[in-house]
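Single-structure report; data block below.
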Amino acid sequence: MADRRSSWLKGVLDLLVLSRLTDGESYGYEIAKALAEAGLGEIKGGTLYPVLNRLEEAGLVEAEFRAAERGPGRRYYRLTGPGRELLAAESDAWLDFHHAVRTMLSPGGTTP
Amino acid sequence: MTTDTYFSELSGALRAAGVPDEQIAATVEDLRGHLAETGAAPEEEFGPAAGFAARLGGLAPVPGEPDGRAESWTWTADLFNDRRMLTLHGDQGWEVESLDSLGRFVCRRSTTATLRWEYRREVIGARRRAKVLAELEPEGWELCGEWLVYGYFKRPRAATAGPAGALEGRPDAPHRWLFLSRRGKVALAVWLVLVGGAAAACFIGTLGMGGLAITIALASMFSALFTSHLETTKGRVDQRRSGS
Numbered sequence: 000m001a002d003r004r005s006s007w008l009k010g011v012l013d014l015l016v017l018s019r020l021t022d023g024e025s026y027g028y029e030i031a032k033a034l035a036e037a038g039l040g041e042i043k044g045g046t047l048y049p050v051l052n053r054l055e056e057a058g059l060v061e062a063e064f065r066a067a068e069r070g071p072g073r074r075y076y077r078l079t080g081p082g083r084e085l086l087a088a089e090s091d092a093w094l095d096f097h098h099a100v101r102t103m104l105s106p107g108g109t110t111p
Numbered sequence: 000m001t002t003d004t005y006f007s008e009l010s011g012a013l014r015a016a017g018v019p020d021e022q023i024a025a026t027v028e029d030l031r032g033h034l035a036e037t038g039a040a041p042e043e044e045f046g047p048a049a050g051f052a053a054r055l056g057g058l059a060p061v062p063g064e065p066d067g068r069a070e071s072w073t074w075t076a077d078l079f080n081d082r083r084m085l086t087l088h089g090d091q092g093w094e095v096e097s098l099d100s101l102g103r104f105v106c107r108r109s110t111t112a113t114l115r116w117e118y119r120r121e122v123i124g125a126r127r128r129a130k131v132l133a134e135l136e137p138e139g140w141e142l143c144g145e146w147l148v149y150g151y152f153k154r155p156r157a158a159t160a161g162p163a164g165a166l167e168g169r170p171d172a173p174h175r176w177l178f179l180s181r182r183g184k185v186a187l188a189v190w191l192v193l194v195g196g197a198a199a200a201c202f203i204g205t206l207g208m209g210g211l212a213i214t215i216a217l218a219s220m221f222s223a224l225f226t227s228h229l230e231t232t233k234g235r236v237d238q239r240r241s242g243s
């Protein structure tokens, strides 16, 4: 079951990360914490940071490293215009997919 | 492994993959901050350093490089020759992006490529899939394509070899696209004879279109089973030899 949940998450993690940035910038640990609090389970740094890197390379987020007065500096991520557009389009596609799965899995094959 | 040792190993692997020092320093500081907040050990949070570095940096083209400038090349080999040819071409900087529907390796090589690639092939049938992925992904192997029951994995050589994994030369893209071994040629010749015979029989009217289709399907199936059997036997012999 854990394997299946992790496969589901793999397919949608980039969208979840983008969605966490719609209200403003954030950083790795804060994003992981928000996803865990939303009930998506613990996202390890080993999974999250490569996703953030890929989103940055694709121009969907912008990153800025800022040194801190106390403690280590942090890399802050911000959604870009193309990131916002992709999130809107892919969220619709995901919701369509979710609806189709829900319809198939509901007793009698129709959504309640 | 201490946190310092972990980050020193991670920095070394990122440097070997061509990530600039300034970016490595910022990445390490950011990750140290993450660890301070989770309170976890680095290996537990990020996985083994070499694998994490391979997933983090050096895999994607340099940001800003137009994709059209990257070279692309598609080729194939039979089951006896694929691993040898993948090693050869990986050493020339070719990265397999996927396997197309014909089972050909679709490769790209960025004009700024600095990495050599290593590949491995594993049987990933339904039952073995999760187990194989769980074993290989922490070591930095990424599934780059599947063909029948075989999964092909790639990893930058720098993940294990450090600076020795950097690209030394970049020969031009080969003009060839088919690399058959001797046994592969024999299997193909037998297949051609059978299918050619069936096509001729169909042409002169002794075999219907249905018969031709069945012959092609059977010849293809037996050819695939035969080559796969030979390759499995060879694998077992190699395994016994390396075990003894």
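Residue numbers (numbering that gives the first Met the number 0), protein chains in the order written: chain A, 0 to 111; chain B, 0 to 243. Backbone N, C-alpha and C define an ideal beta-carbon position, used for all residues, glycine too. Just so we're clear, the structure is a prediction, and the values are computed from it rather than from any experiment.
- Taking CB atoms only, residue 37(B) has a neighbour in chain A less than 8 Å away.
- Residue 157(B) is positioned such that its CB atom lies closer than 8 Å to that of residue 12(B).
- About 6 Å separates the beta carbons of residue 60(A) and residue 79(A), which is inside the 8 Å limit, making them a contact pair.
- For residue 146(B), the uninterrupted beta strand (DSSP E) segment begins and ends at 141-146.
- The bridge partners DSSP lists for residue 95(B) are 106(B).
- Within the region 115-138 of chain B, contact with chain A at the beta-carbon level (separation under 9 Å) is assigned to 129, 133 and 137.
- Between residue 44(A) and residue 30(B), the gap from beta carbon to beta carbon is short of 8 Å.
- A buried status is given to residue 91(B), since no fewer than 16 other beta-carbon atoms sit within 10 Å of its beta-carbon.
- In the three-state DSSP reduction, residue 72(B) falls in the strand class (E or B).
- Contact between residue 144(B) and residue 116(B) is absent: CB atoms are separated by about 13 Å, not below the 8 Å threshold.
- Within a 10 Å sphere around the beta-carbon of residue 202(B) sit fewer than 16 other beta-carbons, which makes this residue exposed.
- When DSSP reads this structure, residue 165(B) sits in a beta bridge with 114(B).
- Approximately 6 Å separates the beta-carbon atoms of residue 80(B) and residue 183(B); this is inside 8 Å, confirming the contact.
- In the DSSP secondary-structure assignment, residue 64(A) is bridged to 74(A).
- For residue 30(B), the nearest beta carbon of chain A is closer than 8 Å to its own beta carbon.
- Contact annotation: in the region 5-33 of chain B, residues whose CB is within less than 7 Å of a CB in chain A are 25, 28, 29, 30, 31, 32 and 33.
- Within the region 42-58 of chain A, contact with chain B at the beta-carbon level (separation under 9 Å) is assigned to 43, 44, 45, 46, 47, 48, 49, 52, 53, 55, 56, 57 and 58.
- The residue among 82(A), 103(A), 97(A) and 104(A) with its C-alpha nearest the C-alpha of residue 13(A) is 82(A).
- The three-state reading of DSSP puts residue 9(A) in helix, counting H, G and I together.
- Cα atoms of residue 146(B) and residue 51(A): separation of roughly 30 Å, rounded to the nearest angstrom.
- Cα atoms of residue 86(B) and residue 118(B): separation of roughly 6 Å, rounded to the nearest angstrom.
- Within the region 65-80 of chain A, 70, 71, 72, 73 and 74 place their CB atoms closer than 7 Å to a CB of chain B, listed in sequence order.
- In the DSSP secondary-structure assignment, residue 151(B) is bridged to 120(B) and 144(B).
- Residues of chain A with a Cβ closer than 8 Å to the Cβ of residue 44(B) are, in chain order, 43, 44 and 45.
- Listed as beta-bridge partners of residue 25(A) by DSSP are 76(A).
- Considering only beta carbons, the part of the region 15-37 of chain A lying closer than 7 Å to chain B consists of 27 and 28, in chain order.
- According to the DSSP assignment, residue 47(A) belongs to the alpha helix (DSSP H) that extends over 44-56.
- Against chain A, the beta carbon of residue 55(B) has neighbours under 8 Å at 48, 49 and 52, listed in chain order.
- Scanning its chain for C-beta atoms nearer than 7 Å, with the 5 sequence neighbours on each side dropped, one finds around residue 51(B) the residues 9 and 45, in chain order.
- With its beta carbon less than 8 Å from one in chain A, residue 51(B) belongs to the interface.
- Pairing residue 64(A) with residue 74(A) gives a Cβ-Cβ distance under 8 Å.
- A contact is defined here as three or more CB-CB pairs under 8 Å, and the region 90-99 of chain A fails this definition with respect to the region 14-21 of chain B.
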